[in-house]
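For this note's numbering, count along the sequence shown from 1 and bump the result up by 105.
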Amino acid sequence: MSRAALLVLADGRFPAGGHAHSGGAEEAVKAGRVTGAASLEAFCRGRLHTTGLVTAALAAAAALGVDPVDLDTAADARTPSLALRVAARRLGRQMMRAARATWPHPELDALARHFPKGAHQPVVLGLTARAAGLGPEDAAHCSAYEGISGPATATVRLLSLDPFDATAVLARLAPDVDRVACRAVDAARRVLSDGVDALPAGSAPLLEVGAEAHAAWPVRLFAS
């Protein structure tokens, strides 16, 4: 396992398309639920312990070698919002392009052929980690961190929030990221014996409702 590969995968400059997505922050800002650093932290913590746990477990399971087609079906079942499913597949397609160029691997090629329009992003992320020689813990941490770093970065643009304050939010949430990643890996290991029903199915209804509203906006800064 290469720790340098983990840094490449987790780097915000990895060309996986995440910069175009706010993780629900744009709609939350407009609705007045995120107004500054304190509410951003609450938003990110809620996202991390619900949908963040689900995506981290999917990524960890893919890194363990669980059938990615089964995982993609499980991801669909855990994403009620059509807008979020579309966004997840768009992000998965972009991550697949970056992954195949960076860490060519036959399992990535097979998944790309099966889902030419894109598989769910956390499934692709986990398989990318596997192709890079990383383990489920690495995949889970990457996914969990992405789930909060995207909204934090977006809020800097949306609210002109001080970048230092946004980064401090991420630092305060670091222990939560560790705990969520640990729970995600435990769930992923149970999938090996119990199937994909062992994956968590935490939900965040406001994110789902907000995503549907955001998708209908005529003008927006972020795709989701």
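Glycine included, each C-beta is placed from N, C-alpha and C at the ideal position.
Between the alpha carbons of residue 144 and residue 138 lies a distance of about 7 Å. A distance below 6 Å between beta-carbons, with the five flanking residues on each side excluded, links residue 186 to the following residues of its chain, in chain order: 313, 316 and 317.
In this structure, the CA atom of residue 256 is about 15 Å from the CA atom of residue 160. Counting along the chain, residue 246 sits inside the alpha helix (DSSP H) bounded by residues 241 to 264.
With fewer than three CB-CB distances shorter than 8 Å, the segment 265 to 280 does not count as touching the segment 220 to 228.
In this structure, 252 is the residue among 248, 252 and 188 with its C-alpha nearest to the C-alpha of residue 150.
Per the Cβ contact rule, the segment 270 to 283 is not in contact with the segment 178 to 198 (fewer than 3 Cβ pairs under 8 Å). Three or more beta-carbon pairs separated by less than 8 Å link the segment 167 to 180 to the segment 225 to 233, which places the two stretches in contact.
Shown here, residue 269 sits in a helix according to DSSP, grouped into three states. The distance from the Cβ of residue 249 to that of residue 157 is about 5 Å, consistent with a contact at the 8 Å cut-off.
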